[in-house]
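Those letters in the sequence shown? Residues -24 to -1, 1 to 426, per mature numbering (1 follows the signal peptide of the UniProt record, and there is no 0), in order. We treat Cβ as the ideally placed atom computed from N, Cα and C, and that holds for glycine. From a predicted model like this one, the values you see are computed outputs, not experimental measurements.
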Amino acid sequence: MPTRYTVSKPYSSILILLTQLILAQLTFRDDFESLAYTLLWLLRGFLPWSHCVKCGTRIGRTRQVYAQKKRHTGSTLAAELPAEFGELVDYARSLSLNDKPVYNRWRRRFNQTEANASDEALVSEGSIPHTSAASPEPPVQVGQIVLVKLDSSISIDGYSMREGHESSYISDPMIDGPEWSTACRPAVVAQVEWSKWAKKYRFLAIPISRGTDRDEDEDGSTPVISIATANAITSSTVPRIHTEPEWPLEDFYFHVFRRPAMFYCLPLQERVHSAWRISPSDCEILLKSFTPPPDSLGQSKLRKDLKSANPDIRHDARVQQRDKLYKFYARIQPVTSAHLAIEDNSIDWFSRRVWFDECIKVARHRGLDIGIWWTGAWFPAEYQPQEGDITDSYSELDNSMWEWQSERRESITLGTVGEDVGDRSGIVGLTKITALKEEFKDRKSLYSWV
């Protein structure tokens, strides 16, 4: 497929790889390597990268398959199999662009392998793993005060690509770099639920900040609910949330930026035991206070927000519009007394925007990897057809299926005797199709093989 886009710096390495894969001249060596993989797949039923070809993002899949192929040699791919199958992989990879494989030699070798094979082939009785219909115990509970840290790498690639293959998964070194580091932030777990679609727990987090941060909110547009302490002045008109045991420091409060943050728990997340918690009824008070009204989630409001001049409103709407695509995974740990010290710089106590900017950065990267337009994308929001273009006939998310090019013009590919095609009798160079013949019976059109 032709590439129509310019390359931006953050994606240059992977897009250069994609361009090389798309535009590279395919020769005998490529067919030979594909044949080697096909034979191994028929023998084993899988390849080390089989599980990830339908997971994650388009760019993430390409990067992971490429990284797995670099990791494995023919001998590791064909372990416990006749040596010829692994050597075929290494031989194909060793060929240069214009080398032609020595077919006769490999034909003789595989004939000999077949002759040496036992008549009773060993067949693996692979077992189907038992999956319980019941959901596991949640790693967090409603009311717990915890530390939440967004995992950028897993949120961008998605967890499905590495699920069950955590030890062999190769992370993207760019996303693992310092540019993508995130902060631990304190929050209360306001709601926990099992997602049947994702088969993982997810929770709503309402962050906790220290009082000095309220000075930044000059217009008071960000509502806050304070945490009650022993020395705090109580008032019937000003709600305060009590913790159990009592919160040891003053001037802490609950708040949100835009809305409570939704995070997914990692399957390997250990159960968290918190030193402080609030009651479920107080969690309901927080949710009612900080959750946007139902009418703000309507399609008309969403379409309006997508065109907002305010980037925060616009970006938030993009994430809400495709909430099943943008799943934010987090690592969770308990808050301890040591974390309450002002000197502890590992915890972000003073952020008014909390996880919002980190989540938008992750969503933008993931969206671009999938092919969803965001501001600054290397491809246009809507492709503008150019003269001579034909419709891309590939379909499915991974471009694995295709339709016929029904819009192909005869003037492009069909040679004719004269300028006028007429009844097609003058078309030359075509083979007449006789595979099907049409029979009429009872006014129905029947097709039978000739």
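Suppose only complete runs of 4+ residues qualify. What are the alpha helix (DSSP H) ranges in the region 41 to 69, listed by chain order? 50 to 53
Pull the bridge partners of residue 181 from the DSSP assignment, please. 165 and 237.
Which partner residues does residue 305 have in the DSSP bridge list? 240
Considering only C-alpha positions, which residue in the set 157, 166, 184 and 240 is nearest to residue 226? 184
Are the beta-carbon atoms of residue 224 and residue 316 separated by less than 8 Å? yes
What's the call for residue 195, buried or exposed, on a 16-neighbour Cβ count within 10 Å? Confidence at residue 195 is low in this model, with a pLDDT of 46, below 50, so the placement of that residue should be treated as unreliable; the coordinate-derived value is given next. Residue 195 comes out exposed.
Would you kindly work out how many angstroms separate the C-alpha atoms of residue 303 and residue 144, rounded to a whole number? 23 Å
So the alpha helix (DSSP H) residue 278 belongs to, where does it begin and stop? 275 to 282
Using DSSP bridges, identify the partner residues of residue 122. Looking at the DSSP assignment, residue 122 forms a beta bridge with 163 and 310.
Assign residue 289 to one of three DSSP states: helix, strand, or coil. helix
Could you please give the first and the last residue of the uninterrupted alpha helix (DSSP H) stretch that includes residue 4? 4 to 20
Can you check which of these residues, 15, 137, 81 and 48, is closest to residue 34 by C-alpha distance? 137
According to DSSP, residue 328 sits in a beta bridge with which residue or residues? Paired residues: none, contrary to the question.
Range covered by the alpha helix (DSSP H) that runs through residue 131: 128 to 133
Helix or strand or just coil, what does DSSP make of residue 79? helix
Other residues of its chain near residue 32: CB distance less than 6 Å, five sequence neighbours each side excluded: A distance below 6 Å between beta-carbons, with the five flanking residues on each side excluded, links residue 32 to the following residues of its chain, in chain order: 133, 134 and 137.
In three-state terms, what does DSSP make of residue 428? Residue 428 falls outside the range modelled here, since the chain spans only -24 to 426, and no answer is possible.
Per the contact definition of three or more C-beta pairs closer than 8 Å, is the region 161 to 179 in contact with the region 325 to 342? yes
Run of the alpha helix (DSSP H) containing residue 428, from where it starts to where it stops: Residue 428 is absent from the structure shown; the chain starts at -24 and stops at 426.
When you compare the CB positions of residue 256 and residue 177, do they come within less than 8 Å of one another, or not? no
How would you call residue 10, buried or exposed, if buried means at least 16 neighbouring beta carbons within 10 angstroms? exposed
Cβ-Cβ distance between residue 248 and residue 308 below 8 Å: yes
Within 8 Å, strictly: CB atoms of residue 24 and residue 48: yes
Going by beta-carbon coordinates alone, are residue 74 and residue 3 separated by less than 8 Å? yes
What residue from 116, 241, 237 and 259 has the CA that sits closest to residue 215's CA? Ranking the options by Cα distance to residue 215, first place goes to 259.
Of the listed residues 338, 92, 55 and 353, nearest to residue 151 (C-alpha basis): 338
Only counting the same chain, and skipping five residues up and downstream in sequence, which positions put a Cβ closer than 8 Å to that of residue 217? 201, 202, 203, 204, 230, 254, 258, 261 and 262
When you compare the CB positions of residue 239 and residue 174, do they come within less than 8 Å of one another, or not? Cβ distance not < 8 Å, so residue 239 and residue 174 don't count as in contact.
Is the distance from the Cβ of residue 70 to the Cβ of residue 342 below 8 Å? no
Can you list, in chain order, the residues of its chain whose CB lies under 7 Å from that of residue 141, leaving out five sequence neighbours each side? 27
Distance check for residue 300 and residue 293, CA to CA, integer angstroms please. 13 Å
In terms of residue numbering, what span does the beta strand (DSSP E) encompassing residue 202 cover? 201 to 203
Just how far apart, CA to CA, sit residue 251 and residue 30? 42 Å
Just confirm the distance between the C-beta atoms of residue 89 and residue 60, as a whole number of angstroms; I'd bet it's less than 8 Å. With 8 Å as the limit, residue 89 and residue 60 qualify as a contact, their Cβ atoms being about 5 Å apart.
Relative to the C-alpha of residue 245, which candidate in 270, 127, 46 and 279 has its C-alpha closest? 127
If you follow the beta strand (DSSP E) that residue 229 is in, where does it begin and where does it stop? 228 to 230
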